[in-house]
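In the working numbering, the protein residues as written are 61 to 202.
Heads up, the beta-carbon is just placed ideally off N, CA and C, and yes, glycines get one too.
Keep in mind that this is a model prediction, so the values were computed, not measured.
Below is one structure, written out as structure tokens; comments come after it.
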């Protein structure tokens with residue numbers, strides 16, 4: 061279970077724990093680089109620190125910002141929407157608009173991130189129409 065980032069005294073950001081990524085070398089490498097750079101970012105706003113660290117790791121590993129953000133979310137990063145690159149937010153919004161079993165539907169990490177955004181009072185940027193949220197669907201007449 062991720063723990064709140066106590067160093068910066070802000071419960072809106074939850075960092076992944078080392079236990080979550082010890083098995084995979086690529087996820088572990090991304091997380092370690094992210095955590096190391098996070099404390100080096102010269103900014104007081106935690107959202108900016110997270111975004112800057114994501115972009116730094118993406119540049120260092122020659123990956124897209126969205127890929128790095130997705131990997132970090134999958135291993136437990138939870139932060140406000142402003143802490144994520146626009147490319148990842150576009151992916152997240154599109155994925156959250158899908159039903160649970162559709163292709164492109166959110167995985168467990170993204171679903172947890174959406175719940176985190178809702179707990180912070182932030183709009184998740186999508187509309188959902190599935191049986192769990194809006195009642196049964198009516199089939200269109202052909």
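Between the beta-carbon of residue 166 and that of residue 156 there is about 5 Å, and that keeps the pair under the 8 Å contact cut.
Going by DSSP, residue 94 is part of the alpha helix (DSSP H) stretching over 85-98. Distance between residue 168 and residue 134, taken at the CA atoms: about 7 Å. With contacts defined by Cβ atoms closer than 7 Å, residue 127 and residue 113 do not form a contacting pair.
In the structure shown, residue 147 falls within a helical segment according to DSSP collapsed to helix, strand and coil. Here residue 74 carries a strand assignment [DSSP, helix/strand/coil]. Straight across, the Cα-Cα distance linking residue 110 with residue 74 is about 11 Å. For residue 160, no alpha helix (DSSP H) segment is defined, and its DSSP state is neither H nor E. By the neighbour-count criterion, in which a residue is buried when 16 or more other Cβ atoms sit within 10 angstroms of its Cβ, residue 163 is exposed. No residue range can be given for residue 136, since it is assigned to no alpha helix (DSSP H) and is classified by DSSP as neither H nor E. Taking each of 136, 174, 141 in turn and checking the Cα distance to residue 77, the smallest one comes out for 136. Here residue 141 is not near residue 176, since their CB atoms are 7 Å or more apart.
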